[in-house]
Amino acid sequence: MTYGAEGWTIKKKQKKINSAEMWFYRRLLRISWRERRTDQSILEELNEERKLLNYIKKRKLTFFGHTCRSKCTLMKNILQGRMEGKRQRGRPRINYFDNIKSWTQMTTREIYDVWRQMVHEAVRAANVLGSDAG
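Quick note on numbering: the sequence shown equals residues 1 to 134 in UniProt numbering.
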């Protein structure tokens with residue numbers, strides 16, 4: 001179900017993902033759609049929350065961190081939508097980076113500053129642990 005979710009741009013698919021998750025829960029409880037039960041009542045019966053979309057968001061953010069730390073500039077340019085050539089006519093498509101900005105409520109600059117700080121802290125911690133082991 002979530003294979004390759006790191007590369008999805010989620011806007012239109014968000015409703016379908018939530019619907020699929022509720023369908024899974026209904027099948028688990030053997031509840032027919034004819035019973036006209038609300039999604040909220042099913043979630044309360046299972047003592048669950050909607051998790052699938054948050055799981056996909058977490059995987060996308062993890063992959064974004066991986067690409068920010070990598071040395072491959074081509075991958076970074078593709079994720080940011082920086083491609084050479086003419087842009088297509090009409091409204092720009094939602095790209096990968098737009099999802100990240102809308103979820104974190106941050107500007108592009110703030111996102112890069114946060115990720116850069118996290119990478120530096122991780123490298124510092126790895127150096128400290130590496131020097132203690134030797």
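Here a beta-carbon is modelled for each residue, glycine too, at the ideal position from N, C-alpha and C. Since the structure is predicted, the reported quantities are computational estimates derived from the model, not experimental observations.
- In this structure, the beta-carbon distance from I94 to T9 falls below 8 Å.
- Contiguous alpha helix (DSSP H) elements confined to the region 61-98 occur at 73-80, taking only those with 4 or more residues.
- With fewer than 16 other Cβ atoms from the protein chains shown falling within 10 Å of its own Cβ, K12 counts as exposed.
- With contacts defined by Cβ atoms closer than 8 Å, F64 and I100 form a contacting pair.
- Contact between K57 and W103 holds: their C-beta atoms lie close to 6 Å from each other, under 8 Å.
- Linking N77 to W23 through their CA atoms gives a straight-line distance of about 37 Å.
- Residue nearest to M75 within the set F97, A5, K86 and V119 is F97 (criterion: CA-CA distance).
- DSSP, reduced to helix, strand and coil, places N127 within a helical segment of the structure shown.
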